[in-house]
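> Numbering follows numbering that gives the first Met the number 0, in which position 236 of the sequence shown is assigned residue number 235; successive positions increment by one, without gaps. We put the CB at the ideal spot given by N, CA and C, even for glycine. Predicted model, so just to flag it, every value in this text is computed and none were measured. Take a look at this one; I'll ask things after.
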Amino acid sequence: MCFFCISRHSAWAQGSSLSSPQRRLFLRGGSAVAAATGLAAAAPAQAQVDVGKASAWRQLVPADQIEEAATLQYNQMRTQARNKRVLRPTSDPQLQQLQKIAERIIPHATRWNERARDWKWEISLIDSKDLNAFCMPGGKIAFFTGILDRLKLSPDESAVIMGHEMAHALREHARERLAKTSATNMGLSIASQLFGLGDLGQAAANIGTELLALRYSRSDETEADVVGLELSARGAFNPRASVSLWNKMIAANGSGNMAFLSSHPSGPDRIRQLQATIPKVENLYRQAGGKG
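In structure tokens, the structure reads:
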């Protein structure tokens, strides 16, 4: 799964007593933000950017089962983080700023996924030096303090990250990855899938560890960049912050180290894609009250 997609293995998780699959998950626990967003009143509208239709693969496994499994893992990890005293309290200023960012972005989520209307959105901040952030299926968001502190993120840059992670959940990339992985592992052909979901549907009921091990594709990452930029722009966060953010990422990680996992866009490639997308969403930023 994506972290903003620099590293999947956090120092905090590796030093914990978590099982191997659990080490791949960034904990999201903390305060619910959905009630303050007015999400239920947000009506679907035409998206500004076009990334095509969501993959039909995701229809092969039930969304509610994936979201239920994600929530279960979220709650377990939240408990462990609290026990390790690395879960920031709701009074923490950095967490409160992240919550304010979420409150401005979440109302626009239903433009990309109607299911988001009923998600119980939550956000957590975890003490760790890692440059990480995450959003699980069903709207469970987490940031690590490392990405805020080491990169000295502005609110606009934090919003770009949050929009990207939310886009993964809204476009149901984990659901798609799981369907493809399950079908491959079972040796199922596309033809057989068309005649029923039996085996895949059952697989979705046992996705605890598999969900944590999923990796997004290069196209998933590019799509999340584009959709995330629109989401943050609609929340009145400057889309040009995406370029400054990635310049910081490159500086922090070394320009030769950015083609992570070989399947993700490299830093320079990512910046070029974002620069091409910025003109498409700048009017949304201005309409939302953004300046500059």
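Find out if the Cβ-Cβ distance for the pair I160, L94 is shorter than 8 angstroms.
Residue 160 sits at position 161 when you count from the first residue of the sequence shown. Residue 94 sits at position 95 when you count from the first residue of the sequence shown. No, they are not a contact pair.
> Which of the three DSSP states, helix, strand or coil, is assigned to S157?
Here residue 157 corresponds to residue number 158 of the sequence shown, with the count starting at 1. In this structure, S157 counts as helix in the three-state DSSP scheme.
> DSSP state of L86, grouped into three classes?
The residue you call residue 86 lines up with position 87 of the sequence shown. Three-state DSSP puts L86 in a strand.
> What does the Cβ neighbour count give for S254, buried or exposed, with the cut at 16 atoms within 10 Å?
The sequence position of residue 254 within the sequence shown is 255, counting from 1. With a pLDDT of 47 at S254, under the threshold of 50, the predicted position of this residue should be treated as unreliable, and no value is reported.
> If you run the structure through DSSP and keep just helix, strand and coil, what is L71?
Here residue 71 refers to the residue found at position 72 when the sequence shown is read from its first residue. Three-state DSSP puts L71 in a helix.
> Between which residues of its own chain and M135 is the CB-CB distance below 7 angstroms, once the five residues before and five after are set aside?
Mapped onto the sequence shown, residue 135 falls at position 136. Closer than 7 angstroms at the Cβ level, and outside the excluded window around M135, lie R27, A69, Y73 and A168.
> Going by beta-carbon coordinates alone, are T163 and G234 separated by less than 8 angstroms?
As a first step, residue 163 must be located in the sequence shown, where it is residue number 164. As a first step, residue 234 must be located in the sequence shown, where it is residue number 235. In the sequence on display, residue 163 carries His and not Thr. No. Outside cutoff.
> Tell me which residues share the same chain as Q96 and place their Cβ nearer than 7 angstroms to its Cβ, disregarding the 5 neighbours each side in the sequence.
Working through the sequence shown from its first residue, we reach residue 96 at position 97. These residues qualify, in order along the chain: P154.
> Below 7 angstroms CB to CB, which residues in the same chain sit around V242 once its five sequence neighbours on both sides are set aside?
Looking up residue 242 in the sequence shown gives position 243. Taken in chain order, the residues that qualify are I270, L273 and Q274.
> Based on Cα-Cα distance, which residue from E156, A223 and S127 lies nearest to A173?
Taking the first residue of the sequence shown as position 1, residue 173 is located at position 174. Out of E156, A223 and S127, A223 has the C-alpha closest to the C-alpha of A173.
> Would you list the one or two residues that DSSP bridges to L97?
The residue labelled residue 97 in the question sits at position 98 within the sequence shown. Beta-bridge pairing links L97 to no other residue.
> Does DSSP classify E171 as helix, strand or coil?
Indexing the sequence shown from 1 puts residue 171 at position 172. The answer is coil: DSSP assigns E171 none of H, G, I, E or B.
> If you compare alpha carbons, which of T276, K139, S216 and I277 is closest to E67?
Position 68 of the sequence shown, counting from 1, holds the residue named residue 67. Ranking T276, K139, S216 and I277 by Cα distance to E67 puts K139 first.
> Can you find a CB in chain C that lies within less than 8 angstroms of the CB of G137?
Going by chain labels, chain C is absent from the structure shown, which holds only one protein chain.
> Mapping DSSP to helix, strand and coil, what is K279?
Stepping through the sequence shown from its first residue, residue 279 is reached at position 280. DSSP places K279 in helix when its eight states are reduced to three.
> Counting only runs that start and end within the segment 232 to 257, where is the alpha helix (DSSP H) found for 4 or more residues in a row?
If we require 4 residues or more, the alpha helix (DSSP H) runs fully inside the segment 232 to 257 come out as 240 to 252.
> Of all the options T276, N252 and R81, which has the alpha carbon lying nearest to the alpha carbon of V225?
For the purposes of this step, residue 225 is taken as residue 226 along the sequence shown, with counting starting at 1. Considering only alpha carbons, the answer is T276.
> Mapping DSSP to helix, strand and coil, what is S218?
The residue you call residue 218 lines up with position 219 of the sequence shown. In the structure shown, S218 sits in a helix (DSSP, three-state: H, G or I).
> Between the alpha carbons of W120 and A141, how many angstroms are there, rounded?
For this step, residue 120 is matched to residue 121 along the sequence shown. For this step, residue 141 is matched to residue 142 along the sequence shown. Whole-angstrom Cα-Cα distance: 11 angstroms.
> Mapping DSSP to helix, strand and coil, what is L152?
For the purposes of this step, residue 152 is taken as the residue at position 153 of the sequence shown. Coil.
> Check for me: the beta strand (DSSP E) holding E121 runs from which residue to which?
Sequence index remark: in the sequence shown, residue 121 carries index 122 (1-based). Element bounds for E121: E121 to I125.
> Take the Cβ of S90 as the centre, count every other Cβ of all protein chains shown within 10 Å, and call the residue buried at 16 or more, exposed below.
Numbered from 1 along the sequence shown, position 91 holds the residue referred to as residue 90. Under this definition S90 is an exposed residue.
> Measure from the alpha carbon of V85 to the alpha carbon of each residue in Q64, I125, Q98 and A101, then state which is nearest.
In the sequence shown, the residue the question calls residue 85 occupies position 86. Among Q64, I125, Q98 and A101, the Cα nearest to that of V85 is on I125.
> I328 bridges to which residues according to DSSP?
No statement about residue 328 is possible, as the shown extent of the chain runs from 0 to 291 and does not include it.
> Should L283 and I104 be called a contact, given that it needs their Cβ atoms to be closer than 8 angstroms?
Your numbering for residue 283 matches position 284 in the sequence shown. Your numbering for residue 104 matches position 105 in the sequence shown. Contact: no.
> If I follow the unbroken beta strand (DSSP E) through K139, where does it start and stop?
The residue labelled residue 139 in the question sits at position 140 within the sequence shown. First-last of the beta strand (DSSP E) with K139: K139 to F143.
> Just how far apart, CA to CA, sit D117 and Q64?
Reading the sequence shown from its first residue, position 118 is the one you call residue 117. Reading the sequence shown from its first residue, position 65 is the one you call residue 64. Looking at the two C-alpha atoms, the distance is approximately 14 angstroms.
> Please check the pair A240 and V280, which I expect to be a contact at CB under 8 angstroms, by giving their CB distance rounded to whole angstroms.
Position 241 of the sequence shown, counted from the start, is the residue given in the question as residue 240. Position 281 of the sequence shown, counted from the start, is the residue given in the question as residue 280. Actually they do not touch by this definition, with Cβ atoms about 12 angstroms apart.
> Any idea if R110 is buried or exposed, counting beta-carbon neighbours within 10 angstroms, 16 or more meaning buried?
To locate residue 110, count along the sequence shown from 1; it is residue 111. Per the 10 Å Cβ criterion, buried.
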